[in-house]
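Visitor: Protein chains in written order, with this note's numbering: chain A, 749 to 1184; chain B, 6 to 320. Backbone N, C-alpha and C fix where the C-beta goes; we use that ideal spot for every residue, glycine too. The structure's right below; bear with me while I get my questions together.
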């Protein structure tokens, strides 16, 4: 197939309500011809019912009854579109209601995030909060879409000032300059979203879609040491495969090859990869994201919950974690409470033994906390019932991530990140304050 | 804190994913990962099977996830009785060839003993919910895998990959758990269960391209064939025991194919001459209608028809 080499980019969008995010998402879908006639017709009918003169593209995005009734986006929505070069999975995260919870969810699987600002207001406090969450979650690349550029008369100076300020912010949050791009757009009119604008002759960079379809997919896991959490042990015990014993898992980091020396953790057993197997046959190597079945040279007794790792560069195995939590539940953190911790394919009991500090999202500093409640970000010490093979989240998002779960309800309480992945240096002051 | 362990800036590596691992490979590996998580975390999983392309794809992926061991999840078919004979034949052949277990819940049995009442419009799609929930209770299934995709419908765009249902099988969109990284939280109380959607992130075109790449067999009604049909609500419906055609609905012989397989009373065919996978893919690529918009009367009942049915326990 001619397009057999199209790859897939997962990205997230973030922005405040009035920045025009739904319109931008609608524009991306519409201009890549990803919206079909019956969807347009349904949006048109609903817009007429609401007494609107023109179709409201945000209705494409807001899927739930309560969202349409209240005119707000409640939950992360996933959108799909493709171009000749790439397929896209877009996690569209609402900006105002529980923005931490939604941004964390969308950012956790994103390889890039598009942050929106209104060209009339530039970088505002909400932009800084979103950028801090994206940096905390280690989304590898940021795009700043300076929207409503038409409302500042396509003024180059306005764009340059906003782009410069944002670059300073992103660098303070740890982003190298080559991982940040600013693009002047008008989501309403379509300038520089899919089609190059004639109104911004001073801008020579890519349109948003050109950038999305050409940007290299990079992440720290790709060249990190090998990590494969064991999901399941495949033992056919059939006449054709009487002695087959394979460890099924998805490569979380690095590359696995036959002949590689590996450790099984937390057991501490050492062996050699005999075969990297799949239903389509054996592989010479498998990289991040590929689901494989590993056969080892030695007969070991290992089960779900173990991790196959590079013997030369293993993670630390510890039951004492220093971690950053994004608290996602209405039920606040109670230090000392007995919780469940899910890391990789292992779930164990854990106690948050101390709450050290809490991120003040207004000025992006860590302050002494009283408590950690919904949408708060804080740093803690955790004691786990079993030793866990963990990497620092900053080096490996797959093996540095965990969930905290409430035992009686089973609800997810917090997103956990091993270490302190948010590093803030020399934060620039906001160019000006705006809004109420 | 462990500041010394933290990289100060984001890694600046330039190593990129090899292009040989394309979008379909990514989606396949993601689905296999989800099947294996279900096998590892649940006691009694089941695959909801309609004989349609999405559930056939699910079976194919499940087999690949556990190869070379036999796939152990049974299939559950909620049978509306408004079937296409080709699809039932296909189902039985697949079960025999793959050595699978099949549980059939017949809507007709629920109507016969009074647990369900036939609707005035004759549509049985909404009637599937009660037999589905009763079967989940009877067999104590704790993870029910389905072929729902987020690109199908707006309410489904907000669905989780692993989605908790209460003891009444209800979906509450406001109480969904956040789903982070690929760490799926499937904890549930006794009596509750989860719905699992391994192909959440696939589009209709991904499904067709993958079917082509993997050479997956489908019921013949997905390819163009001559059929006697009548026009209702802008769709071509097949003649059948479900109440069609009514007066003033003339029968016509057309070359049609189906884009979805559902209850015969409300699943429309599209006019088509596509008899091969290449032709079907060309047609889907050029289509200006979504597959549900083109072929599902049940989604046209209201702006939130799918959300309302999901809240009641439908897939």
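Chain A partners of residue 151 (chain B), CB-CB under 9 Å?
Guide: Here the premise fails: no neighbours, minimum Cβ distance about 16 Å.
Visitor: Of the residues A:1047, A:1007, A:1041, which one's Cα is nearest the Cα of residue 1058 (chain A)?
Guide: Ranking the options by Cα distance to residue 1058 (chain A), first place goes to A:1007.
Visitor: Helix, strand or coil for residue 980 (chain A), going by three-state DSSP, please let me know.
Guide: Residue 980 (chain A): strand per DSSP, three-state reduction.
Visitor: What does residue 192 (chain B) touch in chain A if you count any residue whose Cβ is under 7 Å from its own?
Guide: Neighbours of residue 192 (chain B) on chain A, chain order: 1153, 1158.
Visitor: Say whether chain B places a C-beta atom closer than 7 Å to the C-beta of residue 984 (chain A).
Guide: Yes, because at least one Cβ of chain B sits closer than 7 Å to the Cβ of residue 984 (chain A).
Visitor: Alpha carbons only, please: which of A:1093, A:1088, A:789, A:1080 is nearest the one belonging to residue 1103 (chain A)?
Guide: Comparing Cα positions, the closest option is A:1080.
Visitor: Would you verify that the beta carbon of residue 1037 (chain A) is, or is not, closer than 7 Å to some beta carbon of chain B?
Guide: Chain B contact via Cβ: present.
Visitor: With 7 Å as the threshold, decide whether the Cβ of residue 831 (chain A) is near any Cβ in chain B.
Guide: Chain B contact via Cβ: absent.
Visitor: For residue 962 (chain A), would you say it is in contact with chain B, using Cβ-to-Cβ distances shorter than 7 Å as the test?
Guide: No, its Cβ sits nowhere closer than 7 Å to a Cβ of chain B.
Visitor: For the region 174-190 of chain B against the region 81-92 of chain B, do three or more pairs of beta-carbon atoms, one drawn from each stretch, fall closer than 8 Å, so that the two count as touching?
Guide: With the cut-off at 8 Å, the region 174-190 of chain B and the region 81-92 of chain B do not touch.
Visitor: Which residues, in order along the region 176-202 of chain B, keep a beta-carbon less than 8 Å from a beta-carbon of chain A?
Guide: Residues 178, 179, 181, 182, 183, 184, 185, 186, 187, 188, 190, 192, 193, 194.
Visitor: Cβ closer than 8 Å: which chain A residues qualify as neighbours of residue 106 (chain B)?
Guide: Near residue 106 (chain B) there are no residues of chain A at all, since even the closest Cβ is about 17 Å away, more than 8 Å.
Visitor: Would residue 20 (chain B) count as contacting chain A if we go by Cβ distances under 7 Å?
Guide: Unreliable positioning characterises residue 20 (chain B) in this predicted model, as indicated by a pLDDT of 41, which lies under 50. A coordinate reading is not provided.
Visitor: Can you check whether the CB of residue 932 (chain A) is closer than 7 Å to the CB of residue 951 (chain A)?
Guide: Contact flag set, yes.
Visitor: How many Å lie between residue 233 (chain B) and residue 244 (chain B) at the Cα?
Guide: Spanning the two alpha carbons is a distance of roughly 7 Å.
Visitor: When the Cα of residue 216 (chain B) is compared with those of B:145, B:64, B:267, which residue comes out closest?
Guide: Among B:145, B:64, B:267, the Cα nearest to that of residue 216 (chain B) is on B:64.
Visitor: Roughly how many whole angstroms lie between the Cα atoms of residue 1138 (chain A) and residue 1166 (chain A)?
Guide: Distance between the alpha carbons of residue 1138 (chain A) and residue 1166 (chain A): 7 Å.
Visitor: Closer than 7 Å, CB to CB, is residue 1024 (chain A) near chain B or not?
Guide: No, no contact with chain B.
Visitor: What number of angstroms, rounded off, separates the C-alpha of residue 1158 (chain A) from the C-alpha of residue 190 (chain B)?
Guide: Each residue's alpha carbon lies about 8 Å from the other.
Visitor: Apart from the five residues on each side of it in sequence, which residues of its chain come closer than 8 Å, Cβ to Cβ, to residue 210 (chain B)?
Guide: Here the set comprises 286, 289, 290.
Visitor: Would you mind reading off the limits of the beta strand (DSSP E) that contains residue 1135 (chain A)?
Guide: Taken as a continuous stretch (DSSP letters only), the beta strand (DSSP E) holding residue 1135 (chain A) covers 1125-1138.
Visitor: Got a sec? Which residues, its chain only, sit under 6 Å from residue 986 (chain A) by beta carbon, not counting five neighbours each side?
Guide: Taken in chain order, the list of residues that qualify is empty.
Visitor: Would residue 1130 (chain A) and residue 1170 (chain A) qualify as a contact pair, given that the criterion is a beta-carbon distance under 7 Å?
Guide: No. Outside cutoff.
Visitor: Is DSSP giving residue 774 (chain A) helix, strand or coil here?
Guide: Three-state DSSP puts residue 774 (chain A) in a helix.
Visitor: Closer than 6 Å by C-beta to residue 167 (chain B): which residues in its own chain qualify, once you throw out the five before and the five after it? Chain order, please.
Guide: Excluding residues within five positions, the ones whose Cβ falls inside 6 Å are 189, 191, 199, 201.
Visitor: Considering only the alpha carbon of each residue, which of A:1098, A:876, A:843 lies closest to residue 1128 (chain A)?
Guide: Looking at the Cα atoms, A:1098 is the closest of the given residues.
Visitor: Would DSSP call residue 89 (chain B) helix, strand or coil?
Guide: Coil.
Visitor: Quick check: is the beta carbon of residue 856 (chain A) nearer than 7 Å to any beta carbon in chain B?
Guide: So yes, residue 856 (chain A) belongs to the interface.
Visitor: Can you check DSSP and say which residues form a bridge with residue 1113 (chain A)?
Guide: Its beta-bridge partners are A:1108.
Visitor: Looking at chain B, is there any beta carbon in it that lies within less than 7 Å of the beta carbon of residue 1015 (chain A)?
Guide: For residue 1015 (chain A), the answer is no, since every Cβ of chain B falls outside 7 Å of its Cβ.
Visitor: Since residue 69 (chain B) meets chain A, which of its residues come closer than 7 Å, beta carbon to beta carbon?
Guide: Under the 7 Å cutoff, chain A gives 1027.
Visitor: Check the DSSP bridge columns for residue 1090 (chain A) and list the partner residues they point to.
Guide: A:1095, A:1151, per the DSSP bridge assignment.
Visitor: Give me the chain B residues within the contact set of residue 697 (chain A), using Cβ-Cβ distance strictly less than 9 Å, ordered along the chain.
Guide: The structure shown does not extend to residue 697 (chain A), since chain A spans only 749 to 1184, so no value can be given for it.
Visitor: From the DSSP output, in three-state form, read off residue 113 (chain B) for me.
Guide: Helix, per DSSP.
Visitor: Tell me which same chain residues have a C-beta within less than 7 Å of the C-beta of residue 35 (chain B), skipping the five on either side of it?
Guide: Within the same chain, residue 35 (chain B) has close Cβ partners 206.
Visitor: On the criterion of 16 or more Cβ atoms from any shown chain inside 10 Å, does residue 252 (chain B) qualify as buried, or is it exposed?
Guide: Exposed, because fewer than 16 other Cβ atoms sit within 10 Å of the Cβ of residue 252 (chain B).
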